[in-house]
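To start, the structure under review is shown below, and the notes come after it.
Protein chains: 2
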Amino acid sequence: MGTIERKEREKLEMRNVILKAATEMFLQDGFEKTSIRGIAEKIEYSVGTIYIYFKDKTELLNALMEQGFQKMMGVFKELKKNEDPVVRLKKLGYAYVNFGLKNKEYYDLMFIMKKPMEMSEDKKWVSGMNAFNFLSETVSACMQDNRLRFQDGNSANLAIWGFVHGLVALYTRKRLIMFDQKRIEKDIYDAVNNLTDAITK
Amino acid sequence: MGTIERKEREKLEMRNVILKAATEMFLQDGFEKTSIRGIAEKIEYSVGTIYIYFKDKTELLNALMEQGFQKMMGVFKELKKNEDPVVRLKKLGYAYVNFGLKNKEYYDLMFIMKKPMEMSEDKKWVSGMNAFNFLSETVSACMQDNRLRFQDGNSANLAIWGFVHGLVALYTRKRLIMFDQKRIEKDIYDAVNNLTDAITK
DNA sequence: TTCGTTTAATGAACTATGTTCACTATCTTT
DNA sequence: AAAGATAGTGAACATAGTTCATTAAACGAA
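Chains A and B supply the protein sequences, listed in that same order. For the first sequence, position 88 (counting from the first letter as 1) is numbered 97 according to the numbering used here, and the numbering increases by one without interruption. For the second sequence, position 182 (counting from the first letter as 1) is numbered 191 according to the numbering used here, and the numbering increases by one without interruption.
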């Protein structure tokens, strides 16, 4: 009898109902302001129910993070078309920053927040690793063609990721207030272009 | 009679007692884990007392942030000795990252945490501005000598700050787990050197 | 010295949060 | 139909930040 299968399906459905509500609230108000009680109220179930499907708030957050990485990879995949690795690298930098600026809450979760990284550093980073590997391969291809002003690929990976992350992080955490706020987003994109120009040849 | 003066002195003393306890707890456990109740207990006063001297937890945090910026400027001042602006810039990048890695809690407060920036974006950034101006002047000097591979100073400021911040931020927020954890700190310093080499001439 | 006034200090109480768990109600299997 | 399994419940607990009526002490004027 397919009872077990149906139950499992229902369990998954319920999980998705919670996740969908959580995603909506999270994208609107951020993770901190998204309370378990709020989610419960939204889906018209009791608080306790949420804990049947998610161990704690962090597990909920992991699921959201996974969504974020999938979304990011969706953007990156498009870049594989570009055959010249330097072009690919430049567009990757741009796409990364663009993702960060257009998906602040996801970006926060994926790369800034403390919470999700406090535990199980493995499973949730499978998809995160995909994104990193994409950078890594592109950098590697650039190095092979001797088109990067770097000694080794490892250092280039770190430098480039650090760079694009830094721009997004400083901006979303409101530390760039000494720059002209009308032009700041354009300035950030310019900085990406200028720096990628400076380190490639 | 000097009663008023004495009272004011006592008030300042009490403020400092609170601040000292808060600093100790904060540097040991971070801001989130430092509770008002914890501070009160440590100085053997009641919770309410703390609210006489600090409007809320954010004001306490502002005071800590101020300390952090002062500490950072103490390091930066030493770099003024270097007359070659490119040397100064390179050492500045190194010093910035070094400050971040050696003072994680302060760095977190100053450049990563959401809390302090949610309100009064002015007063608390006077000292922060000093640090930024130091970078800005150094970059400006490099540009004047045509030693930077950048179109304009503004973009260079943004790029360089973004870069060093990104490295510290990714590391302290545990996002660099795909790198060899035994070498990662050295790799970060290497990345700083390699990138500053790449963008200067 | 005494007495009204000011104010530092108190800590119980309020709000909000994540989390747990004994209990109920419903569904499944025998 | 009875027994067993389990989804769902919501009161209760722990821990936060914050407020405020109340107390006690210090102060200054008479």
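By construction, the Cβ of each residue, glycine as well, lies at the ideal position given by its N, Cα and C atoms. Source: prediction; values computed, not measured.
Going by beta carbon distance, what residues of the same chain come within less than 6 Å of residue i, once the five residues before and after it are set aside?
i	result
Val173 (chain B)	Gly102, Tyr105 and Val106
Ala165 (chain A)	Val148, Leu157 and Phe159
Gly162 (chain A)	Val148, Ser149 and Met152
Ile45 (chain B)	Val56 and Ile59
Tell me the residue span of the alpha helix (DSSP H) that contains residue i.
i	result
Phe40 (chain B)	Neither: Phe40 (chain B) is in no alpha helix (DSSP H) and is coded neither H nor E.
Gln153 (chain A)	Trp134 to Gln153
Ile121 (chain B)	Neither: Ile121 (chain B) is in no alpha helix (DSSP H) and is coded neither H nor E.
Tyr60 (chain B)	Val56 to Tyr62
Gln190 (chain A)	Gln190 (chain A) -> no alpha helix (DSSP H), and no H or E assigned at all.
Glu68 (chain B)	Lys66 to Lys86
Gly109 (chain A)	Pro94 to Lys111
Gly175 (chain A)	Gly162 to Thr181
So with Cβ pairs under 7 Å, would you call residue i a contact of chain A?
i	result
Phe141 (chain B)	yes
Ala168 (chain B)	yes
Arg156 (chain B)	no
Leu217 (chain B)	One cannot answer for residue 217 (chain B) here, as it falls past the ends of chain B, which runs 10 to 210.
Ala150 (chain B)	no
Asp196 (chain B)	yes
Gln222 (chain B)	Because chain B is modelled from 10 through 210, residue 222 (chain B) falls outside the range shown and cannot be assessed.
Phe108 (chain B)	no
Gly83 (chain B)	no
Arg184 (chain B)	yes
Leu98 (chain B)	no
Ser136 (chain B)	no
Leu176 (chain B)	yes
Phe159 (chain B)	yes
Would you say residue i reaches chain B, if we count a Cβ-Cβ gap shorter than 7 Å as a contact?
i	result
Gln153 (chain A)	no
Asp38 (chain A)	no
Phe172 (chain A)	yes
Ser55 (chain A)	no
Leu88 (chain A)	no
Gly102 (chain A)	no
Met187 (chain A)	yes
Gln79 (chain A)	no
Ile208 (chain A)	yes
Leu118 (chain A)	no
Gly11 (chain A)	no
Asp199 (chain A)	yes
Ser164 (chain A)	yes
Can you give me the Cβ contacts of residue i inside the same chain, cut-off strictly under 7 Å, excluding the 5 residues immediately before and after it?
i	result
Ser55 (chain A)	Ala49
Leu88 (chain A)	Arg97, Lys100, Leu101 and Ala104
Thr147 (chain B)	Pro94, Arg97, Leu98 and Leu101
Met23 (chain B)	Tyr62
Trp170 (chain B)	Leu144
Met81 (chain B)	Phe108 and Ala140
Val177 (chain B)	Val106, Gly109, Leu110 and Tyr116
Ile52 (chain A)	Val26, Ile27 and Ala30
Glu33 (chain A)	none
Residues bridged to residue i by DSSP?
i	result
Leu157 (chain A)	A:Thr209
Give me, in chain order, the residues of the same chain whose beta-carbon lies closer than 8 Å to that of residue i; leave out the 5 immediate sequence neighbours on both sides.
i	result
Ile193 (chain B)	Tyr180 and Leu185
Thr209 (chain B)	Val95, Leu98, Lys99, Cys151, Arg156, Leu157 and Arg158
Gly11 (chain B)	none
Met119 (chain B)	Met74, Gly77, Phe78, Met81 and Gly137
Cβ of residue i within 6 Å of any heavy atom in the ligand NAP?
i	result
Glu68 (chain B)	In terms of ligand content, the structure shown is empty, and the ligand NAP therefore cannot be addressed.
Three or more C-beta pairs under 8 Å: does that hold for the segment 70-90 of chain B against the segment 27-46 of chain B? Touching, yes.
Three Cβ pairs or more, each shorter than 8 Å: is that satisfied between the segment 150-165 of chain A and the segment 106-115 of chain A? no
For the segment 196-206 of chain A against the segment 31-51 of chain B, do three or more pairs of beta-carbon atoms, one drawn from each stretch, fall closer than 8 Å, so that the two count as touching? no
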